[in-house]
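The first sequence begins at 140 in our numbering and counts up by one. Here's the structure, in structure tokens; my notes come after.
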Amino acid sequence: MLSLYDTVSRKKVALVPLRPDRVGIYTCGPTVYRYVHIGNLRTYLLTDLLLRAVRFDGLAPFSVQNITDMGHMHQEQLEQTEDKVIAAARAAGKTATEIAEFFTAAYFRDCRRMNFLPSDVYPRASTHVPEMIAMAKELEGKGVTYGEGGFLYFDVTKAKGYGELSGAVLGEGEAAGRTDESIHRRKNRPEDFSLWLAADPGREFLWESPWGLGWPGWHIECSAMAEKYLGKEFDIHVGGVDLRFPHHENSRAMAMTATGGRFALLWVHAAHLLVDGRKMSKSLSNEYTLDDLESRGVSPMDFRYHCLTLHYRTPMNFTWASQGASAKALARLREAFSGKGETGARGGRADEAEGFRRRFREAIGDDLNAPRALAVVHEAVRSDLPGDVVRELAREWDTVLGVGLLEEVSGKAAGEGAPGGEFAPGEVVDLALRRDRCRRERRFAEADALREKIREAGYDVLDGKDGAGRLRKR
RNA sequence: GGCGGCAUAGCCAAGUGGUAAGGCAGAGGACUGCAAAUCCUUUAUCCCCCGGUUCGAAUCCGGGUGCCGCCUCCA
Numbered sequence: 140m141l142s143l144y145d146t147v148s149r150k151k152v153a154l155v156p157l158r159p160d161r162v163g164i165y166t167c168g169p170t171v172y173r174y175v176h177i178g179n180l181r182t183y184l185l186t187d188l189l190l191r192a193v194r195f196d197g198l199a200p201f202s203v204q205n206i207t208d209m210g211h212m213h214q215e216q217l218e219q220t221e222d223k224v225i226a227a228a229r230a231a232g233k234t235a236t237e238i239a240e241f242f243t244a245a246y247f248r249d250c251r252r253m254n255f256l257p258s259d260v261y262p263r264a265s266t267h268v269p270e271m272i273a274m275a276k277e278l279e280g281k282g283v284t285y286g287e288g289g290f291l292y293f294d295v296t297k298a299k300g301y302g303e304l305s306g307a308v309l310g311e312g313e314a315a316g317r318t319d320e321s322i323h324r325r326k327n328r329p330e331d332f333s334l335w336l337a338a339d340p341g342r343e344f345l346w347e348s349p350w351g352l353g354w355p356g357w358h359i360e361c362s363a364m365a366e367k368y369l370g371k372e373f374d375i376h377v378g379g380v381d382l383r384f385p386h387h388e389n390s391r392a393m394a395m396t397a398t399g400g401r402f403a404l405l406w407v408h409a410a411h412l413l414v415d416g417r418k419m420s421k422s423l424s425n426e427y428t429l430d431d432l433e434s435r436g437v438s439p440m441d442f443r444y445h446c447l448t449l450h451y452r453t454p455m456n457f458t459w460a461s462q463g464a465s466a467k468a469l470a471r472l473r474e475a476f477s478g479k480g481e482t483g484a485r486g487g488r489a490d491e492a493e494g495f496r497r498r499f500r501e502a503i504g505d506d507l508n509a510p511r512a513l514a515v516v517h518e519a520v521r522s523d524l525p526g527d528v529v530r531e532l533a534r535e536w537d538t539v540l541g542v543g544l545l546e547e548v549s550g551k552a553a554g555e556g557a558p559g560g561e562f563a564p565g566e567v568v569d570l571a572l573r574r575d576r577c578r579r580e581r582r583f584a585e586a587d588a589l590r591e592k593i594r595e596a597g598y599d600v601l602d603g604k605d606g607a608g609r610l611r612k613r
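The following block contains the structure:
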């Protein structure tokens, strides 16, 4: 049984699927005009963990994640951007669509590296404008909109339950005090938002609509696509906390008003990942990508494991020190799982494995408490249970954790292998073999010198009982 | 100004009424020619501060302090 903390009711709620055969899940996906950073990935890991937990519970998830590929982006913004990839693409005459395709592919590559289960549908916003127009018309027909001159706005005072999700109180936000007259002159109040905007110069994406040539507002994107693929009501909506207001509040108000349904029954929000105690941003130049991490020797699985050491609703302050501690812990776990003998020296009680199983399942079921689940993994691997039993537990648990618990960490003998299946370079293997010979002949000074050279080449020698040192990348 | 979150050992981090999980680092031991790796043992009388409720609170209530986020595109 899985329970999740729901932002609307502000408490843990048991997941009772609307339909017995599938759990409908919608995730606010990436805007594909840049590489996703590790903060984005932490949020998408929440979706992945949720999908895996749902499966672990014997249920079938149906996952929808949108791709925002029409930018809501002006030509001049595209050209002013500091992003080197975009700047280069524009200079090469690439269209916004081509740029979006490039970053969409990059996003999927990152997802694979993070070992995310794929969603069932990845609807592109740019190909769902007719659905957005249909929803806007539906709302217009219900008399909850107003506007003129190619602009259509949603009147939030006509939405039942507006503010339930975010706690927003009309007229209380700072926005009320800093309304930009030039932009909002057509709006009755700051909280109202645009369903449709009139065409303006320099915009690449434009569509014909009942309100004239223009483009859809941002919030209606998710409302329309969620309804199309998941219906008027579905089980879970996932997103980052920063989207709680206004985006989630608005898309919820819109969808509920348009369809009369409840939209998402449960809202889960991922806490932010901060770097050096600050939210990542271009201006602070602290936006790390997966490639940045890899260039510092941190693999995607190291990062995934590190994320799992915190609960998803706990803000994470990313530091290289804590990431390093996690990477070491993961490496040791893998080492321990692969090194376990077939049978435990002292056996281990028959019910012990079941106890670990139960505790792991309870942790995951309790609002996806991955850190608690990891504690169970550590305890199990240090227990007296036989190796094959522990490895079976790891196999089961890794369907949820997805960090590769049973991955081989190091080669069995000198030169045989290195982490990730890479082989140590031949010259390093030669050094290791020469050192072994020196040790057998008790020429320790020479052996130690060779060991130092191997270290300089980036490898540690792991001496075993048989004397033949394995190599491990440092 | 409004709304929300967080404060637990050197560091990261679970725990939301019954007497502090787990990881990293550190210490001691085993192993080793010495190391490394590995294994074993060990490390918070106490959970930001001040009151209160309770037989009992890190956990509940009231009041502070500090940090972060949202209210504008934002995971």
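C-beta atoms are modelled at their ideal positions from N, C-alpha and C, and glycine is treated no differently. All values reported here derive from a predicted model rather than from experimental measurement.
With contact defined as three or more Cβ pairs closer than 8 Å, the region 537 to 545 and the region 436 to 445 are in contact. Secondary structure of Asn456 (DSSP, three-state): strand. Within a 10 Å sphere around the beta-carbon of Phe583 sit fewer than 16 other beta-carbons, which makes this residue exposed. For Pro269, the closest of Leu413, Thr453, Arg158, Lys367 by C-alpha to C-alpha distance is Lys367. The residue from Ile359, Ala338, Gly289 with its alpha-carbon nearest to that of Arg325 is Gly289. With fewer than 16 other Cβ atoms inside 10 Å of its own Cβ, Ser424 counts as exposed.
The alpha-carbon separation between Ala397 and Ala475 amounts to approximately 55 Å. As the crow flies, the alpha-carbon of Arg590 is around 24 Å from that of Gly478. For Ala153, the uninterrupted beta strand (DSSP E) run begins and ends at 150 to 153, by DSSP. The beta strand (DSSP E) runs of length 3 or more contained entirely in the region 343 to 380 are, from start to end of the chain, 353 to 355, 372 to 379. Around the C-beta of Met140, fewer than 16 other C-beta atoms lie within 10 Å, and the residue is accordingly described as exposed. Contact check for His386 against His358 passes: the beta carbons are separated by less than 8 Å. Under DSSP, Asp505 forms a beta bridge with Ser142.
Classified as exposed, Val308 has fewer than 16 neighbouring CB atoms from the shown chains inside 10 Å of its CB. Relative to Ala563, the option among Arg609, Arg417, Leu524 whose CA is nearest is Arg609. For Arg609, the three-state secondary structure derived from DSSP is strand. Residue burial annotation: Ser420 is exposed, with fewer than 16 other C-beta atoms found within 10 angstroms of its C-beta.
Excluding sequence positions up to five before and after Val193, its CB lies within less than 6 Å of the CB of Val162, Pro200, all in the same chain and listed in chain order.
Separation of Ser333 and Arg500 (C-alpha to C-alpha, rounded to the nearest whole angstrom) is 44 Å. Each of Val600, Ala245, Arg498 was checked against the Cα of Ile206, and the nearest Cα belongs to Ala245.
Following the DSSP letters along the chain, one finds Asp430 in no beta strand (DSSP E) but inside the alpha helix (DSSP H) bounded by residues 429 to 434.
Restricting attention to Tyr165, Gly597, Val155, the CA atom closest to the CA of Lys371 is found in Tyr165. In this structure, Leu405 lies away from Val175, with their beta-carbon atoms at least 8 Å apart. In chain order, Cys167 place their CB closer than 7 Å to the CB of Leu382, counting only its own chain and leaving out the 5 sequence neighbours on each side. Cys577 and Glu585 have their C-alpha atoms spaced approximately 7 Å apart. In this structure, Ser202 keeps its C-beta atom at 8 Å or more from the C-beta atom of Ser142.
Closest by C-alpha distance to Leu185, out of Gly526, Ala509, Tyr598, is Ala509.
Distance from the CA atom of Thr458 to the CA atom of Cys446, rounded to whole angstroms, is 12 Å.
Here DSSP, grouped into helix, strand and coil, assigns Ser477 to helix. Taken atom to atom, the span from the alpha-carbon of Arg173 to that of Asp523 is near 49 Å. The beta carbon of Met271 sits closer than 7 Å to the beta carbons of Pro355, Ile359, Glu360, Ala363 from its chain, once the five residues preceding and following it are set aside; these are given in chain order. In the structure shown, Arg417 falls within a strand segment according to DSSP collapsed to helix, strand and coil.
Pairing Arg613 with Leu412, the inter-Cα distance amounts to about 27 Å. It is roughly 9 Å from the alpha-carbon of Arg496 to the alpha-carbon of Val515. Excluding its 5 nearest sequence neighbours in each direction, Tyr301 has C-beta neighbours in its own chain below 6 Å: Val295, Ala392, listed in chain order.
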